[in-house]
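Let me begin by presenting the structure, written as structure tokens, before commenting on it.
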Amino acid sequence: MPKFSPVAIRTIALTGHGGSGKTTLTEALLAKAGAINSPGTVEKGTTVCDFDPLEKQYQHSLNAAVAHLQHGDTRVHLVDTPGLPDFIGRAIGALPAVETAAIVVNAQNGIEMITNRMMQWAKKRDLCRMIIINKIDAENVDLPGLLARLQAAFGKECLPINLPADGGKRVVDCFFNPSGTADFSSVEEAHSALVDQVVEVDEELMAKYLEKGEVAPEELHAPFEKALREGHLIPVCFVSARNGAGVAELLDIIVKLMPNPTEGNPPQFLKGQGEKAQPVHAEPDPKKHVLAHVFKVMIDPFVGKVGVFRVHQGTVTKDSQLFIGENRKAFRVSHPYLLQGKEFVETDALVPGDIGAVAKVDEVRFDAVLHDSHDEDHIHLLPLEFPTPMHSLAIEPRRRGDEQKISDALHKLAAEDPTFKIEHNATINQTIISGLGDLHMRYVLDRMANQYHVEVTTQPPRIPYRETITAKSEGHHRHKKQTGGAGQFGEVFLKVEPLKRGSGFEFVDQVKGGAIPHQFIPAVEKGVRQVLETGPVAGYPVHDVRVIVYDGKYHDVDSKEVAFIAAGKRAFMDAIGKARPIILEPVVNIEITAPEQNMGDIAGDLSSKRGQLSGTDTSAPGTLLIKGQVPLSELANYQARLKSVTAGQGSFSIEFSRYDPVPPGVQKNLAEQHAKTAVHAEEQ
Ligand SMILES: Nc1nc2c(ncn2[C@@H]2O[C@H](COP(=O)(O)OP(=O)(O)OP(=O)(O)O)[C@@H](O)[C@H]2O)c(=O)[nH]1
Ligand SMILES: [Mg+2]
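Add 14 to a position in the sequence shown, counting from 1, and you land on the number used in my numbering.
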């Protein structure tokens, strides 16, 4: 029998902006519960969760890490996630593993980019949310102001469950035993606000409350969970991970008030693909078939490939035979583990709510579903939405002959990281890697060097321009070649039409009466697709175009595949040339945090870079959050520029917004550059 039943388990992700103190808070919680002897620090590189050498070097979490503790009779799993925008893919990936997302807010910096995003992502995934305001010990923090800003940003359902007292040295409870004096606001008022909010989800209780003016605390539990589940309540609590204020209280809140696996909203599984996919509800019942989801894959130097998963249904034991997704061959678990950072703790059984790990299973991959029945085939999780990788580097091996090793290393890294993409451009024989930012790219290169011992040279970020057309037109080509005996013949007529931005490419076959025999249509499409890779204006990929092939001619003897590939290609080039082709560039949303007095300089700089401001907010006293949009190509060296304008105080993050046409001057430059390199390539 497992020691903990699902109702005695809490599974929580600590999320929030980089530097808000999630890893330090995990440390404080583990130490307070006695799971570790004393808390380590990020500065010394002694924390449970930042165990990777690169995490110690960067002093930031780079991947989700898992730890567990016991408080009373309850087991708590904590998932410490990265908060830097460059590594946010790993935090998003961990959301389906938990009932509760605790969004940690830095009391000094206030609401930051990832605070906003995480509140939205967690809501979209139907998670219960709580807000933890950390660093209440720090100098010059405006806690009442921050609470008001959180309520303005995320709604009146953000209600304090405790309040700071003695100038941030401790907290006073506003829910269980509301008495005492806080540094601001009133404990009684905070208590009634919470009760008022909770009873709103239960009509009977509300009637009773209105009549009697109070309700017993036990009666509040079920509606409290309902309010959390429905997003009708977002409890706010205060802590200092550094001096320990509010940490014991937070443990109590997690155990007494946060949902167990039977009280949360389970993630959405689907059976089958596309429109036929049917929803599958995982039930947190240890007796049912196993359904678990792998949200992290890591390579451990001692035990090899490790899959970290959350059990949503059934019980995983050492005798379990599990299938990975559609694989036909099951593997025997043998050693189910709990994780304490990098330590593997062997255990008998993992039940719904538990986070566990299996080692030495090569086929395990990020986002895989583990199950123990063929009936559960083709089950997958509702896909997660990740930010688009916008930062690209062209890489080349430093040593000849390393190509294969580099490709292997890159694919292993991509298998762990949903926001890292690899592309090989065959035309110019170049490998392009893309991720979420400079630091993400640096991390990939460091991992390649440290772990896989391959080094590469890099070219500056390549902007992923695209080409598209703005008008309908027609194209035609007759390919005819007579070389000695056998000839080549193929003729193609086609039309092109612009599609909505983001639709990609469509190929339509409207050839009537076998003017082009059926078996040659794929060849025509192949020829057309060759052009898509390197567009006619400046060699960038062509997007958002429909090609309709409607007529052609063939020859009984001389028509061959190659002839129709060539004809399709030329006909498409002919059509695009007449369809007013343009170059599109990526535009990003940018959020800049900087001291108020630098606002003028930052705004001036952005508008000189074709950028637009869309709004400003006060994130903390004296600090502004500036939002805008700017073409990605204008952000080269922005880190350095912002640093010099703000004397090192500013920071920024970007995310993809949309593709827009480039101004004519820019298009002319890009086309000229392309013409030059094309000539150069031909000369070689
Ligand atoms: N004054 C004060 N500093 C804190 C507190 N908690 C954390 N810090 C400091 O804040 C910095 C960032 O802490 P981390 O725990 O690494 O923050 P994080 O949220 O894990 O950051 P990422 O891993 O980048 O997302 C470190 O220098 C900590 O020592 C706190 O309660 N008070
Ligand atoms: Mg961290």
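The beta carbon of each residue, even a glycine, is placed where N, CA and C say it ideally should be.
Apart from the five residues just before and just after residue i, which ones in its own chain have a Cβ nearer than 6 Å to its Cβ?
i: E469; result: R412 and A463
i: Q681; result: I597
i: G126; result: Looking at the sequence itself, residue 126 is Glu, so the reference to Gly does not match. Answer for E126: H31, listed in chain order.
i: E697; result: Reliability fails at E697, whose pLDDT of 49 lies under 50, so the model's placement of it is uncertain and the value that follows must be treated cautiously. The answer is none, since no qualifying residue turns up.
i: F521; result: E539 and V561
i: R594; result: T484 and A485
i: S573; result: F503 and G504
i: L83; result: L44, A47, A49 and V90
i: G625; result: G642 and V644
i: N257; result: D151
i: Y554; result: Y479, R480 and E481
i: D156; result: P635
Would you identify the three-state DSSP class for residue i, choosing helix, strand or coil?
i: Q444; result: strand
i: I128; result: helix
i: E171; result: coil
i: I102; result: helix
i: Q335; result: strand
i: L83; result: strand
i: T88; result: strand
i: A27; result: strand
i: Q698; result: Unreliable placement is indicated for Q698, whose pLDDT of 46 sits below 50; no coordinate value is reported for it.
i: K58; result: coil
i: G318; result: strand
i: L7; result: Past the boundaries of the shown model lies residue 7; the chain is included only from 15 to 698, so the question cannot be answered.
i: D216; result: coil
i: E277; result: coil
i: V209; result: helix
i: G591; result: helix
i: K486; result: coil
i: E113; result: coil
i: I150; result: coil
i: Y568; result: coil
Can you check which of these residues, the options, is closest to residue i by C-alpha distance?
i: V365; options: V676, N120 and R89; result: R89
i: I562; options: D572, K540 and V510; result: V510
i: S206; options: E218, A196 and P192; result: P192
i: F434; options: Q211, D416, L453 and R515; result: L453
i: D180; options: G159, G169 and D151; result: D151
i: T55; options: K36, L459 and L336; result: K36
i: P675; options: A408, I668 and L684; result: L684
i: V551; options: A589, Q335 and S34; result: A589
i: L638; options: K623, D565, D422 and S665; result: S665
i: E239; options: A661, P273, E217 and E225; result: P273
i: T331; options: V571, K17, P609 and Q134; result: K17
i: I268; options: L234, A115, G48 and A371; result: A115
i: H303; options: S387, D187 and A423; result: S387
i: G566; options: V215, T61 and G527; result: G527
i: G370; options: L424, P174 and K310; result: K310
i: I606; options: I616, P600 and E599; result: I616
i: P300; options: P20, R655, P53 and K270; result: P20
i: R480; options: V525, F316, P432 and Y673; result: Y673
i: A136; options: E244, L450, A79 and V213; result: E244
i: N51; options: E57, K58, G59 and E41; result: E41
i: V460; options: P609, L427 and E202; result: In the sequence as displayed, the identity of residue 460 is Asp instead of Val. Of the candidates P609, L427 and E202, the one whose C-alpha sits nearest the C-alpha of D460 is L427.
i: P350; options: Q327, A204, V571 and V359; result: V359
i: R324; options: A81, A408 and H438; result: A81
Could you name the residues of the same chain whose beta carbon sits closer than 7 Å to that of residue i, not counting the 5 residues immediately before and after it, in chain order?
i: I248; result: R143, M144, I145, F168, E171 and C172
i: L76; result: D66, L68, E69, P96, F101 and Y457
i: A423; result: M462, Y466 and V468
i: G339; result: A382 and V383
i: I175; result: C188, F189, L208, P249, V250, C251 and I267
i: S34; result: G97, V118, V119, N120 and N148
i: G629; result: K641
i: P609; result: G636, T637, T660 and Q663
Leaving out the 5 sequence neighbours to the left and right, which residues in its chain are closer than 8 Å to residue i when beta-carbon positions are compared?
i: V545; result: V556, K583, F586, M587 and I590
Q: Would you check if there are 3 or more beta carbon pairs closer than 8 Å linking the segment 114–122 to the segment 137–157?
A: Three or more pairs of CB atoms, one per stretch, sit closer than 8 Å, so the segment 114–122 contacts the segment 137–157.
Q. When the Cβ atoms of the segment 401–410 are set against those of the segment 360–379, are three or more pairs found closer than 8 Å?
A. No contact exists between the segment 401–410 and the segment 360–379.
Q) Hey, is the segment 296–304 in contact with the segment 257–273, meaning 3+ C-beta pairs nearer than 8 Å? A) Two segments are said to touch when three or more pairs of C-beta atoms, one from each, lie closer than 8 Å; by this definition the segment 296–304 does not touch the segment 257–273.
**Q.** At least 3 beta-carbon pairs within less than 8 Å: the segment 70–77 vs the segment 269–283
**A.** No contact exists between the segment 70–77 and the segment 269–283.
(Q) When you compare the segment 490–501 with the segment 576–590, are there three or more beta-carbon pairs, one atom per stretch, that lie closer than 8 Å? (A) With a cut-off of 8 Å on Cβ pairs, the segment 490–501 is in contact with the segment 576–590, counting three or more such pairs.
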